[in-house]
Amino acid sequence: MGDKSNKTFVGAIDNGTTSTRFLIFDPAGNPVADHQIEFEQHYPHSGWHEHDPQDLVSSVLTCIDEACTSFTSQGYSLSDIKAVGITNQRETTVVWDIKTGEPLYRGIVWTDTRSAHIVRELKQKKGADELMDLCGLPLSTYPSSTKLLWMLSHVDKVKKAYEEGRLAFGTVDTWLVYKLNGGVEKNVFVTDATNASRTMWMNIHNLSYDDKLISFFDLDVKTPKLHLPKIVPSSDPKAYGTLALSKLKGVKITGCLGDQSAALVGQCGFSPGRAKNTYGTGCFLLYNVGEKPVISTHGLLATVAYDFSPQGIKPVYALEGSIAVAGSSVKFLVNKLGFGSESYQISDLAGTVKDNGGCVFVTAFSGLFAPYWYDDVKGTIFGLTGYTEKGHIARATLEATCFQTKAILDAMEKDAGVHLKELAVDGGMSNSDLCMQTQSDIIQIPVDRPKMRETTALGAAIAAGFAVKVWSSFDELKEINAEGRHFFEPQISKRESDRLYKKWNKAVEMCRGWTEEDEDEEEWAREDAGKS
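In this text, residue positions in the sequence shown follow the working numbering: the first is 1, and each later residue adds one.
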């Protein structure tokens, strides 16, 4: 087994939209132990998506303990794990009683669209057109702000806690840090800038809560009726406290990044002009723009890439294109339409046909995010004929994410004035050679896929490791996860790519205007939630 002494390791909690995993990395960025479990998804009504906050915590603890068992069985010692980092699904909104630590409602997931009516009203409010310059985000159902407003309007327990000054808000990182430290007793109540930048309450320019932004949403944080977490750096040796639970009790939490920022860090996208695309439940393209934010005029988001300021590194920003539905469309074919029993089979099924057979699938299950920001669309399949097979629909499903990625890259080029030379990729859908080849064909540049694709968790480990000097500079990370990368080169002409993309754009425009008829159903659902 060899000498296992004097080794240094960093743990990474990765809480995604459908599953949690815990990985233990060595200094070369290799995962030496891991465990992953899925947790329950709740869909009470059309367009609603919820998580039980307690499930998120219990899934983390299970993954830590199981990964630690695997780690020690290889002859390693838990004392060699020097720190733990956290990466998490962003925007998902959790509220709890600041006095008891008990959640007051299920977490409303980032994909949830129930606040569409609130968004429509806010867009008519004075000052709405000034928000994006301050926070980098457009008004939509996506950020945490509108999800919290919905709770305050429709959930009695949340409204009462707010009026009595007991309401604590957090994105998933805040909730996990709070509970993993022991909850009320320690009251470690923090968030990092990459997560805070997804609320619409943080000024993107100075990484602090902004009175103008908060007052726009009519929230009282001065009395306070609403308790917001302190914004701290993404890599910090003290801010996130210490694990009070699990087999790693006593180990410090020293890093925290929203999942898409973590993936950029895990792909070593530290230089301006570097970009990555993560194909998970949704799909998210981040482009490093350097030390000053770029406010998009073409439908993209300005976000924080990472804040390693305790290490003497200035905060870095990114342009982001967010796709609401990517891997979840594959699961839809499996779970709802019976196209297979496992997600990987959808790629195999798509490979049984030479093209999409004329099918275009606009996978707008949660509207369309960047760069469109259409909340009046529903998922729609065009081009069905008697010739259509399951393979054509499977291929059209994979292509939908690739087309949306092209739309984002085109917008990024307009905002940043730079044509991307290659695209680094990761996430579950990137395991499909067919999907990645299709992506390269559609965007007409090479796609670069690493051999080790747990780059989101690696990013969290890097943030934590920087805080405890496992790594001291980005130069030390140059060779991390560099071996075994695979490049996909375009195999169709630009003319053919443009033809396919033109058809996609036509389909997008044709599937708009489906939401007005649903307003009565939405009102009934809102009333139903208020009674629960």
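We put the beta carbon where it would ideally sit given N, CA and C, even for glycine.
**Validate contact between the stretch 183–190 and the stretch 226–244 using beta carbons, cut 8 Å, 3 pairs** = Contact between the stretch 183–190 and the stretch 226–244 is present: three or more C-beta pairs spanning the two stretches fall below 8 Å.
**Item:** Classification of Pro224 by the beta-carbon crowding that lies within 10 angstroms, buried from 16 upward
**Value:** Within the sequence shown, residue 224 is the residue found at index 224, counting from 1. Counting Cβ neighbours within 10 Å, Pro224 comes out exposed, since fewer than 16 surround it.
**Request:** List the endpoints of the continuous beta strand (DSSP E) containing Cys256.
**Result:** On the sequence shown, position 256 is the one that residue 256 refers to. Residues Ile253 to Gly258.
**Asked** Using DSSP with H/G/I as helix, E/B as strand and the rest coil, what is Cys511?
**Response** Sequence index remark: in the sequence shown, residue 511 carries index 511 (1-based). Note: Cys511 maps to coil in three-state DSSP.
**Request:** Have a look at Phe217 and Gly299 and give me their C-alpha separation to the nearest angstrom.
**Result:** The residue given as residue 217 occupies position 217 in the sequence shown. The residue given as residue 299 occupies position 299 in the sequence shown. Rounded to the nearest angstrom, the two C-alpha atoms are 22 Å apart.
**Prompt:** Cβ of Leu167 within 8 Å of Cβ of Val155?
**Reply:** In the sequence shown, the residue the question calls residue 167 occupies position 167. In the sequence shown, the residue the question calls residue 155 occupies position 155. Going by C-beta atoms, Leu167 is not nearer than 8 Å to Val155.
**Item:** Cβ shell of Val221 (< 8 Å), same chain only, five flanking positions each side left out
**Value:** Numbered from 1 along the sequence shown, position 221 holds the residue referred to as residue 221. Taken in chain order, the residues that qualify are Tyr209, Ile214, His227 and Leu228.
**Message:** What would DSSP say about Cys283, mapped onto helix, strand or coil?
**Reply:** Working through the sequence shown from its first residue, we reach residue 283 at position 283. Note: Cys283 maps to strand in three-state DSSP.
**Message:** Given a cut-off of 8 Å on the beta-carbon distance, is the pair Pro293 and Ile231 in contact?
**Reply:** Locating residue 293 in the sequence shown gives position 293, where the first residue counts as 1. Locating residue 231 in the sequence shown gives position 231, where the first residue counts as 1. Not in contact: Pro293 and Ile231 (Cβ atoms no closer than 8 Å).
**Prompt:** Taking DSSP as the reference, what is the three-state secondary structure of Phe466?
**Reply:** Along the sequence shown, read from residue 1 onward, the residue named residue 466 stands at position 466. Correct three-state label for Phe466: helix.
**Through-space distance from Leu333 to Gly391, alpha-carbon basis** = The sequence position of residue 391 within the sequence shown is 391, counting from 1. The sequence position of residue 333 within the sequence shown is 333, counting from 1. The straight-line gap from Cα to Cα measures roughly 11 Å.
**Request:** Please go through the same chain and pick out, in chain order, the residues whose beta-carbon is closer than 8 Å to the beta-carbon of Tyr279, but skip the five residues on each side of it.
**Result:** On the sequence shown, residue 279 is found 279 positions in, with the first residue counted as 1. For Tyr279, where only same-chain residues beyond five positions count, the Cβ hits under 8 Å are Ala326, Gly327, Thr401, Val425, Asp426, Gly427, Gly428, Met429, Ser430 and Cys435.
**Request:** Would you grab the beta carbon distance between His533 and His51 for me? Rounded to a whole angstrom, and I think it's under 8 Å.
**Result:** With the chain running from 1 to 532 in the structure shown, residue 533 is simply not present.
**Message:** Please report the straight-line C-alpha distance between Ile86 and Asp173, rounded to a whole angstrom.
**Reply:** What you label residue 86 is simply residue 86 of the sequence shown in a count that begins at 1. What you label residue 173 is simply residue 173 of the sequence shown in a count that begins at 1. Separation of Ile86 and Asp173 (C-alpha to C-alpha, rounded to the nearest whole angstrom) is 7 Å.
**Item:** Integer-rounded CB distance, given that Ala370 should sit under 8 Å from Ile313
**Value:** What you label residue 313 is simply residue 313 of the sequence shown in a count that begins at 1. What you label residue 370 is simply residue 370 of the sequence shown in a count that begins at 1. Incorrect: roughly 27 Å between the Cβ atoms, too far for contact.
**Prompt:** Would you call the CB atoms of Lys451 and Arg485 closer than 8 Å?
**Reply:** Counted from its first residue, the sequence shown places residue 451 at position 451. Counted from its first residue, the sequence shown places residue 485 at position 485. Yes, the pair counts as a contact, with Cβ atoms nearer than the cut-off.
**Prompt:** To the nearest angstrom, how far is it from the Cα of Asp55 to the Cα of Thr171?
**Reply:** Mapped onto the sequence shown, residue 55 falls at position 55. Mapped onto the sequence shown, residue 171 falls at position 171. Going from the Cα of Asp55 to the Cα of Thr171 covers about 15 Å.
**Request:** Below 8 Å on the Cβ atoms is my guess for Ser432 versus Thr303; work out the distance and round it to an integer in Å.
**Result:** By 1-based counting over the sequence shown, the position of residue 432 is 432. By 1-based counting over the sequence shown, the position of residue 303 is 303. Not quite, the Cβ-Cβ distance comes to about 27 Å (not below 8 Å), so this is no contact.
**Request:** Go through its chain and collect everything with a Cβ distance to Lys99's Cβ below 8 Å, but skip five positions before and after it.
**Result:** As a working note, residue 99 is residue 99 in the sequence shown. Beyond the five residues adjoining it in sequence on each side, Lys99 comes within less than 8 Å, by CB distance, of Arg166 and Val184 in the same chain, given in chain order.
**Asked** Thinking C-alpha only, which one of Thr62, Ala116 and Val447 is nearest Trp150?
**Response** Residue numbering aside, residue 150 sits at position 150 when the sequence shown is read from its first letter. If we check each option's Cα against that of Trp150, Ala116 comes out closest.
**Own chain partners of Tyr287 with C-beta closer than 7 Å, once the 5 adjacent residues on each side are dropped** = In the sequence shown, residue 287 corresponds to position 287, counting from 1. The answer, listed in chain order, is Ala275, Ala318, Leu319, Met412 and Ala416.
**Item:** Residue range of the unbroken beta strand (DSSP E) whose run includes Gln124
**Value:** Counted from its first residue, the sequence shown places residue 124 at position 124. Note, Gln124: premise wrong, no beta strand (DSSP E); not H, not E.
**Assigned secondary structure, Thr456 (DSSP; H/G/I helix, E/B strand, else coil)** = In the sequence shown, counting from the first residue as 1, residue 456 sits at position 456. Of the three classes helix, strand and coil, the one that applies to Thr456 here is helix, per DSSP.
**Proximity of Gly255 and Ser235 at Cβ, strictly below 8 Å** = Numbered from 1 along the sequence shown, position 255 holds the residue referred to as residue 255. Numbered from 1 along the sequence shown, position 235 holds the residue referred to as residue 235. Yes, Cβ-Cβ distance for Gly255 and Ser235 is below 8 Å.
**Item:** Assigned secondary structure, Pro53 (DSSP; H/G/I helix, E/B strand, else coil)
**Value:** As a first step, residue 53 is located in the sequence shown; it is residue number 53 there, counting from the start. In the structure shown, Pro53 sits in a helix (DSSP, three-state: H, G or I).
**Request:** Pick out the complete alpha helix (DSSP H) segments inside the stretch 333–361, 4 residues or longer, and give them in chain order.
**Result:** Listed in chain order, the complete alpha helix (DSSP H) runs (minimum 4 residues) inside the stretch 333–361 are 344–350.
**Asked** Can you give the Cα-Cα distance for Gly2 and Lys238, rounded to whole angstroms?
**Response** Counting from one through the sequence shown, the residue named residue 2 turns up at place 2. Counting from one through the sequence shown, the residue named residue 238 turns up at place 238. Only weak support is given to the placement of Gly2: the predicted model assigns it a pLDDT of 49, under 50, and the question is left unresolved by the model.
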